[in-house]
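Mapping the sequence shown onto the numbering used here, position 119 (from 1) lands on 130, and the numbers just tick up by one. Glycine included, C-beta positions come from ideal geometry on N, C-alpha and C. Just so you know, these numbers come straight off a predicted model, no measurement behind them.
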Amino acid sequence: MSIRSNSNQATAVVSDKEASNFVSHDGENLADCPRTMADLGVNEKQLVRKMDWALIPLVMLLYLFSFLDRVNIGNARLYKMEADLDMHGTQYQTAVSILFVTYLTFEVPSNLLLKKLTPSRWIAFITMTWGIIATLTGIVQSYGGLIACRLLLGVVEAGLFPGLNVYLTMFYTRREIALRVGFLFVSAAIAGAVAGLLAYGIGHLDEGLPSPVLGFATYFLLPNEPETAYFLNEAEKRAVALRWASEYGNTKSAQEFSKVDMMKAFTDWKVWVFCAGQFGADTMLYGFSTFLPTIIKSLGHWTTAQVQLLTIPVYFLGAAAYMTSAFLSDRIQRRGVFCIVFGLISVVGYGVLISDTSAGVHYFGSSVDAPRFIRGHAVTLAMVAFAAVTYGFMWWYLDFVNRSRDVKEREAAEQGCPLPPREESEDLGDDSPYFRYMT
12 MSIRSNSNQA TAVVSDKEAS NFVSHDGENL ADCPRTMADL GVNEKQLVRK MDWALIPLVM
72 LLYLFSFLDR VNIGNARLYK MEADLDMHGT QYQTAVSILF VTYLTFEVPS NLLLKKLTPS
132 RWIAFITMTW GIIATLTGIV QSYGGLIACR LLLGVVEAGL FPGLNVYLTM FYTRREIALR
192 VGFLFVSAAI AGAVAGLLAY GIGHLDEGLP SPVLGFATYF LLPNEPETAY FLNEAEKRAV
252 ALRWASEYGN TKSAQEFSKV DMMKAFTDWK VWVFCAGQFG ADTMLYGFST FLPTIIKSLG
312 HWTTAQVQLL TIPVYFLGAA AYMTSAFLSD RIQRRGVFCI VFGLISVVGY GVLISDTSAG
372 VHYFGSSVDA PRFIRGHAVT LAMVAFAAVT YGFMWWYLDF VNRSRDVKER EAAEQGCPLP
432 PREESEDLGD DSPYFRYMT
């Protein structure tokens with residue numbers, strides 16, 4: 012019987028033959044290890060809860076400060092940043108968006124460095140660096156200086172979110188990962204809520220100052236892998252290795268960096284389709300988070316303090332939506348339905364924004380065409396609709412692949428020609444006839 016985790020069962024089992032192919036993160040052969048959670052004397056739910064308490068607060072803080080330092084330019088605008096730097100026309104919009112040029116460029120290279128330099132070193136380094144850059148942004152004296160800081164900020168922040176996603180998969184199975192990634196997005200919502208208060212209390216971009224301190228602490232608090240986790244005992248470390256092998260096919264070859272696997276990822280059309288869908292969704296996310304203070308300012312004769320306070324309820328509602336959808340997604344083991352439903356809700360919302368002339372509902376758009384922001388609303392509506400359609404197509408396609416493989420496996424068994432042993436196809440990844448996509 013092959014290792015396979017079950018959402019309704021806290022036990023994993025492995026045969027002698029398969030165990031010889033599986034190794035823990037430190038290279039120890041699992042054939043010499045206990046084969047089940049019961050053998051190890053580890054309760055899986057308690058193990059997951061223990062990892063949550065040790066890891067999630069730290070990764071949430073990391074992403075909170077990252078998001079805060081990235082979008083606080085929206086709050087800085089309320090303090091007449093454009094006038095101070097003699098900015099005009101679309102220069103503010105350029106300063107906002109140019110960060111993502113380097114952000115997109117360095118995401119993949121940064122993740123490759125994560126493996127070579129270890130998570131604790133690399134994440135600590137980029138955290139301290141972006142904090143310094145974000146702080147220096149507050150003392151720039153020209154538009155050119157602002158652009159330079161934004162470009163550098165994109166370089167160093169690029170590795171955090173993808174790096175944390177990879178890092179979390181070292182501890183959690185794919186049946187648990189949605190809720191943990193949901194915590195990252197909750198921290199982004201919290202960052203949006205507190206950014207206004209911090210900006211009002213400080214009055215400039217010194218929000219970047221805590222990040223170097225957090226980066227220094229990260230070096231000591233973030234374990235590089237389960238085998239070096241200070242909060243796990245030996246039995247729990249073995250249990251994590253067993254879970255990892257159960258979920259991801261932890262073969263010896265899987266422990267090594269493979270250029271073949273990397274090129275396979277780059278040439279997989281499914282990856283690019285998901286990238287396109289995410290691009291549409293992120294257009295809404297970052298436009299909203301960056302321009303929200305500007306839009307609220309245009310709704311009436313608000314003071315700066317009132318504008319900052321009015322951003323808070325919006326972000327707390329977003330945090331509640333993040334956690335609810337992530338929890339339910341892990342609970343029912345479905346992903347696509349939530350992407351599509353929330354995408355359609357966003358489409359309806361932006362449709363209302365375009366059609367309604369009431370300033371009370373205008374919370375996002377390009378500040379070039381205030382006060383109704385029709386252009387910004389229309390672009391965002393189109394992008395999020397594109398994302399919803401893209402996710403809908405991938406939901407259908409991956410479900411079709413799953414059903415096709417179920418049929419082939421059943422027909423092979425009925426005809427007395429079973430598929431090759433699971434252990435022989437582990438290195439095939441999602442091309443394995445035994446692999447089933449989470450839809």
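Residue i versus the options, residue with shortest Cα-Cα distance
| i | options | result |
| --- | --- | --- |
| G387 | T314, G298, L320 | G298 |
| V107 | D442, N83, E118 | N83 |
| G85 | I307, R60, D279, A159 | I307 |
| F242 | P120, K91, L58 | L58 |
| L157 | T140, D95, L171 | D95 |
| T138 | L73, P130, F182 | L73 |
| M394 | G149, W406, G362, T335 | G362 |
| R342 | L162, R185, I134 | R185 |
| G155 | R132, I109, A200 | I109 |
| I201 | F76, P429, M48 | F76 |
| M62 | R161, T148, L233 | L233 |
| L89 | D80, A316, E55 | A316 |
| M48 | K127, W255, S340, L128 | W255 |
| V325 | S340, L339, V205, G291 | V205 |
| V400 | R421, M98, F290 | F290 |
| V318 | G100, R60, A87 | A87 |
| N54 | L253, Q426, N413 | L253 |
| A65 | Q104, A240, D50, G100 | A240 |
| N413 | G360, S443, T105, D50 | S443 |
Rounded C-alpha distance that separates residue i from residue j
| i | j | result |
| --- | --- | --- |
| S151 | E93 | Residue identity check: residue 151 is Val in the sequence provided, not Ser. So the two alpha carbons sit approximately 12 Å from each other. |
| A250 | A189 | 21 Å |
| Q344 | E168 | 31 Å |
| S153 | Q102 | 12 Å |
| F327 | K419 | 47 Å |
| G165 | S436 | 39 Å |
| W141 | T314 | 30 Å |
| F182 | V70 | 13 Å |
| D441 | V284 | 16 Å |
| V112 | F231 | 32 Å |
| L179 | F172 | 11 Å |
| T450 | K281 | 13 Å |
| A331 | F196 | 10 Å |
| K248 | E238 | 6 Å |
| F338 | E187 | 9 Å |
| P431 | S366 | 58 Å |
| D438 | Y333 | 34 Å |
| F117 | R81 | 15 Å |
| D417 | E258 | 19 Å |
| N244 | W133 | 25 Å |
| T278 | G427 | 35 Å |
| A423 | D272 | 29 Å |
| V119 | E425 | 44 Å |
Sub-7 Å separation of residue i and residue j beta-carbons
| i | j | result |
| --- | --- | --- |
| N235 | G174 | no |
| I67 | F194 | yes |
| C350 | Y402 | yes |
| Y448 | R433 | no |
| T391 | M295 | yes |
| I144 | L163 | yes |
| C160 | T146 | no |
| F78 | A199 | yes |
| G170 | S300 | no |
| A135 | G226 | yes |
| W406 | G347 | yes |
| A471 | G311 | With the chain covering 12 to 450 only, the question about residue 471 has no answer from this structure. |
7 Å CB neighbourhood of residue i in its chain, flanking five on each side removed
| i | result |
| --- | --- |
| S378 | Low local confidence applies: a pLDDT of 46 at S378 is under 50, so the model's placement there is unreliable, and no value is given. |
| V177 | N122, L125 |
| R191 | I67, L179, Y183 |
| T129 | N235 |
| A276 | V282 |
Cβ-heavy atom distance, residue i to the ligand GTP, below 6 Å
| i | result |
| --- | --- |
| V70 | Summarising the ligand content, the structure contains no ligands, and the ligand GTP is consequently not present. |
Close Cβ partners of residue i (< 6 Å) along its chain, the five nearest in sequence each way excluded
| i | result |
| --- | --- |
| A396 | V358 |
| S131 | Y230, L233, N235 |
| M98 | Y154 |
Beta-carbon contacts of residue i that lie in its chain and below 8 Å, excluding the five residues immediately before and after
| i | result |
| --- | --- |
| K270 | none |
### Query
Just checking, does the region 221–240 make contact with the region 354–366 on the three C-beta pairs under 8 Å criterion?
no
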